[in-house]
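Okay, structure first, notes after.
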Amino acid sequence: MENTVIDPKEITSEDFLPLLGTDHVEFYVGNAKQAAYYYQSAFGFELVAYAGPETGIKDRCSYVLQQDKIRFVLTAGMQPESPVSQHVLKHGDGVKVMALWVDDARKAFEETTKRGGEAFMQPEVLKDDDGEIVVSGIHTYGETIHKFVERKNYTGAFMPGFEPRSSQMKIKPVGLKYVDHCVGNVGWGQMNKWVEFYEKVMGFQLLITFDDEDISTEYTALMSKVVSNGNGYVKFPINEPAEGKKRSQIEEYLDFYHDAGVQHIAIATDNIIETVSELRKRGIDFLYVPDNYYEDLSARVGEISEDIALLKEQNILVDRDDEGYLLQIFTKPVQDRPTVFYEIIQRRGAKSFGKGNFKALFEAIEREQKLRGTL
Ligand code: FE2
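Mind the numbering: the sequence shown is residues 79 to 453 in my numbering, read in order.
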């Protein structure tokens with residue numbers, strides 16, 4: 079099948095859900111205090127805010143971490159019956175909320191729910207001495223939520239209910255800049271349903287389609303479609319498993335997450351070689367691609383600014399499209415279950431997703447699946 083890439087700027091239909099970007103990603107985890115330490119020490123995030131029993135929130139505690147434009151919230155439940163604890167019991171550590179930054183959270187809620195979006199939370203005004211925030215939310219795939227966050231009248235660290243906190247150690251950022259895209263895994267035959275949800279309910283546009291011939295190895299296959307909002311700031315690829323000789327990574331994810339959910343978050347850097355070498359020093363594990371990947375790299379991607387020897391040393395992958403090229407690498411899962419992982423990406427003109435690397439990457443994942451006995 080042809081891969082069509084639409085330039086989001088060409089999208090002319092009226093944007094009923096203008097998005098300013100990703101506001102934050104909230105993870106429900108088993109131990110937020112320790113997870114916060116990992117994101118600070120390994121990924122170079124700064125602690126900026128906290129909510130919990132000390133700030134009057136009784137059922138949970140949340141640590142807010144920031145690096146450049148990326149904001150992560152790590153939340154854990156305090157009691158077994160807490161919805162946070164229940165979420166972790168079923169899914170393991172995972173993404174609960176992909177929050178989108180909007181100018182008008184009431185309108186975002188109204189426009190999406192009238193188009194069939196299922197309400198998660200009615201618009202709520204949260205106030206403190208630093209001003210007010212309006213938050214609303216709708217459901218997306220699995221138990222995952224999109225919140226709409228309006229913060230134009232707020233100057234505090236994160237949100238009312240949170241108090242400012244700073245890291246107790248010296249933080250060295252690793253050059254992570256912004257969330258490039260968040261990928262969801264959905265069940266068999268569910269991809270088109272969720273693409274339609276983003277088109278109809280959120281006014282997104284289908285950007286690219288990858289069928290199982292694009293994304294297959296000798297053993298496993300998957301299908302993927304990428305949707306984007308009007309200004310292209312927010313992109314959500316959606317994967318579903320496809321038939322192969324063996325069990326695909328998407329099926330493995332679904333078996334361990336026990337639902338549809340977020341598979342990976344791609345984070346942009348301006349210098350992937352420095353970012354990745356620093357992350358490696360701090361103990362982050364990446365997928366391994368064999369050395370022969372680099373043998374024909376120049377022939378495949380042409381002239382690039384980076385030293386191929388350094389890319390090989392860091393095991394960074396390269397792919398080219400009509401507009402330029404991109405460099406990317408994937409971590410191994412960052413919690414005990416083989417579910418959520420990160421992609422580190424540097425775009426040098428390319429707006430695509432590294433199709434030329436899919437085969438090498440999926441073979442790398444299959445090697446990991448084999449070690450886990452889940453291939
Ligand atoms: Fe990705």
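Every residue gets a Cβ at the ideal spot worked out from N, C-alpha and C, and that includes glycine.
DSSP places PHE314 inside the beta strand (DSSP E), whose first and last residues are 313 to 320. Assigned with DSSP and collapsed to three states, HIS169 falls in helix.
By the Cβ neighbour-count rule, MET280 is buried, with 16 or more other Cβ atoms within 10 Å of its own.
Counting along the chain, ASP101 sits inside the beta strand (DSSP E) bounded by residues 99 to 106. By the neighbour-count criterion, in which a residue is buried when 16 or more other Cβ atoms sit within 10 angstroms of its Cβ, PRO319 is buried. With 5 Å as the limit, the residues whose C-beta approaches a heavy atom of ligand 1 more closely than that are ALA344 and GLU421, in chain order.
Counting the other CB atoms within 10 Å of its CB gives ASN231 a total below 16, which places it among the exposed residues. Between GLY170 and GLU124, the alpha-carbon positions lie close to 24 Å from each other.
Its chain contains GLU189 and GLY281 as the residues whose beta carbon lies nearer than 6 Å to that of PHE94, once the 5 sequence neighbours on both sides are disregarded; these appear in chain order. For the pair VAL180 and PRO96, the CB atoms are nearer than the 8 Å cut-off.
By the Cβ neighbour-count rule, GLY267 is exposed, with fewer than 16 other Cβ atoms within 10 Å of its own.
Shown here, ILE422 sits in a strand according to DSSP, grouped into three states. Excluding five sequence positions before and after ALA154, the CB atoms of its chain that fall closer than 7 Å to its own CB belong to VAL107, GLY108, ASN109, ALA110, ARG138, CYS139 and VAL162, given in chain order. Counted as a single uninterrupted DSSP element, the alpha helix (DSSP H) harbouring VAL273 occupies residues 269 to 278.
The shortest C-alpha to C-alpha distance from GLY427 to any of GLY402, GLU373, GLU241 and VAL379 is the one to GLY402. Around the beta carbon of ASP258, a 10 Å sphere encloses 16 or more other beta carbons of the protein chains shown; the residue is thus reported as buried. It is roughly 38 Å from the alpha-carbon of GLN118 to the alpha-carbon of LYS278. Between the stretch 216 to 224 and the stretch 335 to 355 there are three or more C-beta pairs closer than 8 Å, enough to call the two in contact. Judged by their CB atoms, ILE135 and ALA127 are not nearer to each other than the 8 Å cut-off. Here the alpha carbons of TYR420 and VAL261 stand approximately 10 Å from one another. The alpha carbon of GLY322 has as its nearest neighbour, out of VAL264, ALA299, GLY434 and PHE236, the alpha carbon of ALA299.
Going by beta carbons, LEU389 and GLN406 fall outside the 8 Å limit.
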